[in-house]
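Novice:
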Amino acid sequence: MANKRYAYYSGCSLEGTAVEYDKSVRLIFDALGVDYIEPEDWSCCGSTPAHTIDHVFAAALAARNLSIIEKMGLDTVAVPCPACLMAFKKAQYFMEKDETFKEKVNELLDEKYNCGVYAKSTLQVLYEDVGLDEITKRVTHVIPDMKVAPYYGCITNRPPKLAQFDDPENPISMDKILSAIGIEVCDFAFKVECCGAAFGVPKKDMVNRLSAKVISMAIEAGANCIAVACPLCQQNLDLRQEQINKTTGSNFNIPVLYFTQIMGLAYGYSPKELGLDKLIVSADNFVHSRLTKEQHELLKQEQEKGKKKEVKKQETQEEENP
Amino acid sequence: MKTINLTESTDWNFIEEVKKESGQDPSLCYQCGNCTAGCPYSNFFDYPVSQVMRLIQTGQKETILTSKAIWLCATCETCTTRCPCEIDVAHIMDVLRIMARRENKVSEKDIKTFYDSFLDSIKKFGRLYEVGTLISYNLRSGHLFTDSDLGPKVLAHNKIHFLPKKIRGSEKVAKIFERYQESLKKHG
Amino acid sequence: MRVGVFICHCGNNIAGTVDVKAVAEAIRKIPGVAYATTYMYTCSEPGQDEIKQAIKDHNLNRIVVAACSPRMHELTFRKTVEKAGLNRYYFEMANIREHISWIGEDKEANTKKAIDVVKMAVAKVMQDRPLYSSSFRINKRVLVIGGGVAGMQAALDCADGGLEVVLVEKSPSIGGMMSRLDKTFPTIDCSICILGPKMVDVAQHDKIKLYAYSEIDEIKGYVGNYQIKIRKKATYVDWTKCTGCGACMEKCPSRNAYDYFNFGVAPTKAINIPFPQAIPKKAKIDPNYCRHFTKGKCGVCAKICPTKAINYEMQDEIVTEEVGAIIVATGYSLLDLEKLPEYGGGRYPDVISGIQYERLLNASGPTAGHILRPSDHIEPKTIVFVSCAGSRDKSIGIPYCSNFCCMYIAKQAILTKDHIPDSQSYVFYMDIRSPGKGYDEFTRRAQEDYGVKYIRGRVSRIYPKGKKMVVKGVDTLLGSQVEIEADLVVLGTAVLSNPDAAHLAEKLHISYDTFGFYVESHPKLRPVETNTSGVFLAGACQGPKDIPASVGQGSAAASKVLALFSKDMLESDPAVAKVDINKCIGCLKCVRTCPFQAIKDKELRDGRIVADVIETVCAGCGVCTSTCPCGAIQLQHFTDNQLLAEVNALCLA
Amino acid sequence: MSGLENKEMKIVGFLCNWCSYGGADTAGVSRFKQPTDLRIIRVPCSGRVNPLFVVKALLNGADGVLVSGCHPRDCHYSDGNFYARRRLEMLKRLLPFLGIDHRRFHYTWVSASEGARWQQVVKDFTEVIHKLGPLNLTREA
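Chains as they are written, first to last, in numbering that gives the first Met the number 0: chain A, 0 to 321; chain B, 0 to 187; chain C, 0 to 652; chain D, 0 to 140.
Here's what the structure looks like:
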């Protein structure tokens, strides 16, 4: 880990509505010794809208950033936002596959991009490069009541041809990370079902209905909180939760946290540091019930004693009244 | 239901164009319907994805390019991931959107307007300026109060910047837009 | 030297893209070619007569036919020239159809290529020498590999025809996949009721020697004379003593062994007899679960066995059998649910495969014929069948149709209604493939008489919701997404070749396709033959097929063996290696490289050591010829001079 | 398709009877179109191909030589193709000493069912030879 330096491309959303994702990712990276540097003067990846104009144009918007990173002498970029990730992966895929496409893209750029940067999701960096052992080692706190539905969203690891990470239908990387920090993970069937993505603005109703399904399936699975890895998912499930309740007549009140925020809680960071105050549906109850490992151990021992006593009591009772 | 005269209405060039621009072969589709079955947006589409594929196979250009379906697709990649024929369906949808724009046939004005506002923001500032994009969208689309219910929440949680962050290289990003426009003129 | 050349039009197949007249004209100019002509269909009877007549009229002594692939008609024409009095090896074929007319569109280029190729054949035929076969005695015993319905049919037909049969089955009982089925389509016959008696016939036939729980270790030899090494795998039960009483199975404390016979629908005991009708009905220990092997102590079965048949020390045993022909009937396997992550990938107990459902339907299955879903043993009321679960799916490397799923799904849906009258079945399908006799009527009956709802479309996802499984699919006829909340989902999983199919093919020297299915000699005209003479195919090892087709092929393969064995002697292929003892320096490199141990050293009267080919063992590969440093050993009909004549005809031109 | 329009090259193919010759037949039956430069010589096994045949062909006027046999382990004669591989690999390394570009000789494995693969092999090799142009022994040496 020590030798590898990553470019960290936070993306536009993490400067605005998802600022807490940015905060928590940086904290976790620091805590786990991930060496990262933000490329200077990065610009928007182009996202979905650019793809409706032209593929070369869209790739150029993405490649401008990759080219900056390449010039910095780095070969891997960690990307928290799946939309940015896909924009980079698509640009990379088509530029590598098709030389004329690459030329056309480079014609639009000031600085040519030579396809030397590999984009990885933050999730992938943590799961594959840092590893579960390291992730577990850093844990200081236990959140005993938390039952989380890990929600990966539609494009974190799909399509497999581009994502080249985890299973496209039943991904497990986030499950494993959350388990590794001691959180109870629910068997959630809607891990990769789409929440409505970028249509929040122009097609509110549609997004509300899709998101409602995701939330209700999470609750069905027994979750009291949803972990996400995508700013759009977070926005649709959290910020729009009241809209959802209005549109679909539901009565949801389930906190939606970035998985890095949950990691931060287990690592003992304060709610403020993790930007938990930015959540619309409050996750404060988890902060309140959070215990240090030592406290938790003590509590467990006491409970065990209590149990043993009870068992003993029962046994003596049984002996007395055979 | 109207009769489609396949002799007259099949646009063979269109089939070839889609094939060329997407790098995908629509004739590989055997209409199993898996894309429609998995599409989270099927309920909102005027033509389910598998029918969009069928419309390509039968060269029904006008129907597809004016459809709502191609604009309601969010590129969630479910269809591409599950297609048994390994067709990148989501990419084909992307190509159809590009074609619809080019031919000025966009049916879902609101989505196009939103995308345009988004891109304007990038052109101007280099990055997405969320508030500006929303206001610009609301003004252009005529839906003045879209998401105004979210405003107080966003404000209360201090989630948004009211002033755009302009990056130093914003002209460089704008140049990408300009060069693209020029290249269009050059190549027709 | 008077060469006659016959150029075939093959209707339009060749003449359409090759100017055959121009080819004939060019060839006529070659010195030594006495006659060259074209003919519409050279392989037809009048076509062959034309060759014979020309041999007579023009006094021809070598013949070239330029037509289709020699793999198609070389034998046909060899017989023709032989009938006209020439040696059958004074004949060459130029392939101007598969290698020219069918693959090139440019007539001028094709014609030029055809002229070259015919010239090469002419050059070769001029170098050809007459060759004569010798005959050798054959061992009239046959090995059948695989004791499923195809293999059993082949074994019984051969045995009834008077041949001695060695039947090798890798699992503890014969019966194969069919013995797992509850009923069979389209008659709803009880599967084991029609198969059971056949199994007994196999067991009792005095001409059939059965090796159950055995595998082929090694195959040596050639048509007429094979030496087979068979590995009898250790069962840890002495089958000569075991009476099949089942006492051991009853008392075995290890209850969680994987049940291969029931495809894991429910666990079985570590010592078990796979099913009541098993043949041989003998117990076998699974050492992966037996406590004696896993924990080092137990011994319950040894104590309980009334005949003291348990032997924990048993080892695999190798036996050798000699046979003259081999019938391969190794069957198929099924796609693992793990390969279908969108359908739960095997994580959901109530999403099962079709073969598992057969076991739930079956009276001798783990639920005694009551349909109870695996998760909670409750009778399901809504059952969804998904056809093409993995089949016709390029994305997972299975582009082909699995042949019989449409039919067994219809059968299972019908049986479901019989078992649970207030149930409702749904079938997701892409196409209903029911081209057999009475098959389409059967799928109609499922819909018309049994109320099974057929939904045209694929299923995209299956996920649990409470106690139900939500099946999310499409009805493409409605153009709409559909959802069904099912109690049980049955997947018609794709048919695959056996996982060790390639391995066996390598031992047999037969070909297999990309998917591991064995390749027949000709897709239409030689469906049970392979390219290795003496090796025949039957059943699903060649490609997915249903019971009647497998039985038909079993009989067909048997009839091929019976025909082969109708003679006492076989003619050897004279195209074998031959040593020129004057050139041989006795280095014996050929002895070391021969893949068939067909070359031995021989001492001449003057004490010189030379190589010597055992003609009947030589398979004619020619490895020795390319190894020999002095050109002393030459593969007949493919000698250095003959092949170089072809090279030079092309290159020096 | 290289046809007469851009001067055909002389390419010799040695194909084993059981796999590759069958694969070429399969390609034909499936009508998989191919360039017309190749002329095929049928041998029982790729192990029958004496490296000298390849050298002779190249010295006598061929521009390229292709040898194709059964896939390793799938040889009709057990392991004839292993012998072939050893010899032909050696030959490939020796060709430059004869003043011949090693790309003019290629060996590969195609099974009887792989018609599409055979088509690709022919297309690719023909393209290589066309790029190299006619074999001029004095020039390449």
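Where a beta carbon is used, it is the ideal one built from N, C-alpha and C, also for glycine.
1. So Phe-262/C is in the alpha helix (DSSP H); what residue range does that whole segment cover?
2. Just reading off the beta strand (DSSP E) that Asn-224/C is part of, what are its end residues?
3. Listing by chain order, which chain B residues have their CB less than 8 Å from the CB of Met-205/A?
4. Determine the burial state of Met-262/A: buried for a count of at least 16 other Cβ atoms within 10 Å of its Cβ, exposed for fewer.
5. Where does the unbroken beta strand (DSSP E) through Leu-490/C begin, and where does it stop?
6. Between which two residues does the beta strand (DSSP E) harbouring Asp-600/C extend?
7. For Arg-391/C, return the contacting residues in chain B, with the cut-off set at a CB-CB distance below 7 Å.
8. Leaving out five residues before and five after Tyr-288/C in sequence, what residues of the same chain have Cβ atoms less than 6 Å from its Cβ?
9. Does Thr-203/B get closer than 7 Å to chain C when you measure Cβ to Cβ?
10. Is Ala-648/C helix, strand or coil when you go by DSSP?
11. Of the residues that make up the region 427–444 of chain C, which ones have a beta carbon closer than 8 Å to any beta carbon in chain B?
12. Taking Cβ-Cβ distances below 7 Å as the criterion, which residues of the region 171–197 of chain A are in contact with chain C?
13. Can you find a C-beta in chain D that's less than 7 Å from the C-beta of Phe-260/C?
14. In terms of residue numbering, what span does the beta strand (DSSP E) encompassing Ala-33/C cover?
15. Tell me the rounded alpha-carbon separation between Gly-2/D and Thr-35/D.
16. Cβ of Asp-109/A less than 7 Å from any chain B Cβ?
17. Which whole-angstrom value describes the C-beta separation of Asp-93/B and Thr-74/B, a residue pair presumed to lie in contact below a C-beta threshold of 8 Å?
18. Excluding the five sequence neighbours on either side, which residues of its own chain have a C-beta within less than 8 Å of the C-beta of Ile-144/C, listed in chain order?
19. Whole-angstrom Cβ separation of Ser-422/C and Ile-382/C, contact assumed at under 8 Å?
20. Would you decide whether Gln-152/C is buried or exposed? Buried here means 16 or more other CB atoms lie within 10 Å of its CB.
21. Over what stretch of residues does the beta strand (DSSP E) that includes Glu-378/C continue unbroken?
22. Can you confirm whether the region 104–117 of chain D touches the region 21–34 of chain D when touching is taken to mean that 3 or more C-beta pairs between the two stretches lie within less than 8 Å?
23. Using 8 Å as the cut-off, can you tell me whether the region 224–234 of chain A makes contact with the region 8–28 of chain A, which would need three or more C-beta pairs spanning the two stretches below that distance?
24. Shortest alpha-carbon distance to Asp-109/B belongs to which of Val-130/B, Ile-97/B, Thr-145/B and Ile-86/B?
25. Do you know how far the Cα of Val-473/C is from the Cα of Ser-110/D?
26. Provide the residue(s) that pair with Tyr-7/A in DSSP beta bridges, ordered along the chain.
27. Let me know if Phe-5/C comes out buried or exposed under the rule of 16 or more other beta-carbons within 10 Å of its beta-carbon.
28. Please confirm if Lys-19/B has its CB atom under 7 Å from at least one CB of chain C.
29. Is there a C-beta anywhere in chain F that falls below 7 Å from the one on Ser-66/B?
30. By the criterion of Cβ-Cβ separation under 9 Å, what are the contact partners of Lys-277/A in chain B?
31. Here's the rule I'm using: 16 or more other beta-carbon atoms within 10 Å means buried, otherwise exposed. How should Pro-321/A be labelled?
32. At which residues does the alpha helix (DSSP H) containing Arg-139/B begin and terminate?
33. Quick check: is the beta carbon of Arg-53/B nearer than 7 Å to any beta carbon in chain A?
34. Are Tyr-136/B and Ser-120/B close, meaning C-beta to C-beta below 7 Å?
35. Taking all protein chains shown into account, do 16 or more other C-beta atoms lie within 10 angstroms of the C-beta of Leu-507/C, making it buried, or fewer, making it exposed?
36. Straight-line CA distance for His-98/C to Leu-27/B?
Specialist: Reading from the atomic positions:
1. In this chain, Phe-262/C is not harboured by any alpha helix (DSSP H), its DSSP state being neither H nor E.
2. Counting along the chain, the beta strand (DSSP E) containing Asn-224/C begins and ends at 224–231.
3. Ordered by position in chain B, the residues that pass the 8 Å Cβ test against Met-205/A are Tyr-40, Phe-43 and Leu-71.
4. Burial check for Met-262/A: the Cβ neighbour count within 10 Å reaches 16 or more, so the residue is buried.
5. For Leu-490/C, the uninterrupted beta strand (DSSP E) run begins and ends at 487–492, by DSSP.
6. 598–602
7. Pro-83
8. Ser-253, Ala-256 and Ala-269
9. Residue 203/B is absent from the structure shown; chain B starts at 0 and stops at 187.
10. Judged by DSSP in its simplified three-state form, Ala-648/C adopts helix.
11. Met-429
12. Here the close residues are Ala-188.
13. no
14. 32–38
15. Confidence at Gly-2/D is low in this model, with a pLDDT of 46, below 50, so the placement of that residue should be treated as unreliable; the coordinate-derived value is given next. Going by the C-alpha atoms only, they are around 6 Å apart.
16. Closer than 7 Å: yes.
17. 7 Å
18. Gly-150, Val-167, Ile-215, Ile-325, Ile-326, Val-327, Ala-328, Thr-329 and Leu-503
19. The Cβ separation is near 6 Å, so the contact holds.
20. Burial call: buried.
21. First-last for Glu-378/C: undefined, no H or E at that position.
22. When C-beta atoms of the region 21–34 of chain D are compared with those of the region 104–117 of chain D, three or more pairs fall below 8 Å, so the two segments count as touching.
23. Contact holds between the region 224–234 of chain A and the region 8–28 of chain A, because three or more Cβ pairs, one in each stretch, are under 8 Å apart.
24. Thr-145/B
25. 40 Å
26. Ala-77/A
27. buried
28. no
29. In the displayed structure, chain F is absent; the protein chains listed are A, B, C and D.
30. His-156, Asn-157 and Lys-158
31. A caution first: Pro-321/A carries a pLDDT of 43, below 50, which makes its placement in the model unreliable, though a value can still be read off. Exposed.
32. Residues 129–140.
33. no
34. no
35. buried
36. 28 Å
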